[in-house]
Amino acid sequence: MYQFNATPIVFESLALFDTSKTRQLELINSSLLHDDLPYQALLPMKSLRTLTISRCHNLSSFLRALDPERSNVLICPKLKKLVLCIGGEMGFDVQIMVNMVAARASRGAELKSIRIASQMEFPLRVVLELGKHALRVDYDSEVDSFDNGDDDSDGED
1 MYQFNATPIV FESLALFDTS KTRQLELINS SLLHDDLPYQ ALLPMKSLRT LTISRCHNLS
61 SFLRALDPER SNVLICPKLK KLVLCIGGEM GFDVQIMVNM VAARASRGAE LKSIRIASQM
121 EFPLRVVLEL GKHALRVDYD SEVDSFDNGD DDSDGED
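For what it's worth, our numbering labels the leading residue of the sequence shown as 1, then goes sequentially.
Set out below in C-alpha cells:
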C-alpha cells in the first residue's frame with residue numbers, strides 16, 4: 001500500500017510514476033491548492049481497489065475527482081472500498097459524496113464498501129442514501145480508534 005502526505009508536490013511527483021497497477025492508496029493531511037490535483041493524480045490509477053483519505057482539509061476535491069458526472073471519465077474504475085477518516089473541524093458538503101457514489105453506480109462502478117469515521121455528527125439520511133448505492137456502509141464516530149483495515153476481498157488478482 002502506498003501512503004502519502006497529500007501535498008501539491010507529492011501529487012505532481014505521482015505523475016512521474018506508473019501508478020496504473022496501484023491497488024491501495026492512503027492520503028493523509030491533504031491541503032491542496034487547487035481542485036484539479038486529485039483528478040490528475042487519481043486518473044491513471046486504473047487498478048486502485050482501496051482509497052483511504054485521512055485528515056483531509058479539502059475532502060470535497062477528492063470526491064469531485066471521483067465523480068464521473070464532473071469529468072465524464074470514470075476515475076479508478078475498479079475502486080471497491082472508500083475509507084474516509086474525517087476530523088471534527090473538517091466539514092464538507094455530504095451531498096457531494098452522495099452524488100459521487102450514485103454517479104459511479106450509474107456507470108456500473110458500484111462501491112462495495114464505504115467506511116466513514118467522523119468526529120462530527122453524520123446525518124443518518126446520508127448513510128441511508130449511500131446504502132442505496134453501496135453494498136455496505138459503516139459509520140464510526142471515533143476517528144482516533146478507527147482502523148482502515150487492508151482486506152481486499154473482491155476476489156481479483
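We put the CB at the ideal spot given by N, CA and C, even for glycine.
Quantities reported herein were computed from a predicted structural model and do not represent experimental measurements.
Next item on the list: Would you mind working out which of 103, 76, 85 sits nearest residue 44, comparing C-alpha positions?
Entry: It is 76 whose Cα lies nearest to the Cα of residue 44.
Next item on the list: Report all residues from its chain with a CB closer than 8 Å to the CB of residue 136; omit the five preceding and five following residues, and keep chain order.
Entry: Apart from the 5 residues on each side of it in sequence, residue 136 sits with its Cβ closer than 8 Å to the Cβ of 112, 113, 114 in its chain, given in chain order.
Checklist line | Boundaries (first-last residue) of the alpha helix (DSSP H) holding residue 71 | finding: Element bounds for residue 71: 68–71.
Check: Does DSSP put residue 55 in a helix, in a strand, or in coil?
Finding: In the structure shown, residue 55 sits in coil (DSSP, three-state: anything other than H, G, I, E or B).
Check: With a Cβ-Cβ cutoff of 8 Å, do residue 117 and residue 69 count as a contact?
Finding: Cβ atoms of residue 117 and residue 69: not closer than 8 Å.
Next item on the list: Below 8 Å on the Cβ atoms is my guess for residue 98 versus residue 126; work out the distance and round it to an integer in Å.
Entry: Yes, residue 98 and residue 126 are in contact; Cβ-Cβ is about 6 Å, under 8 Å.
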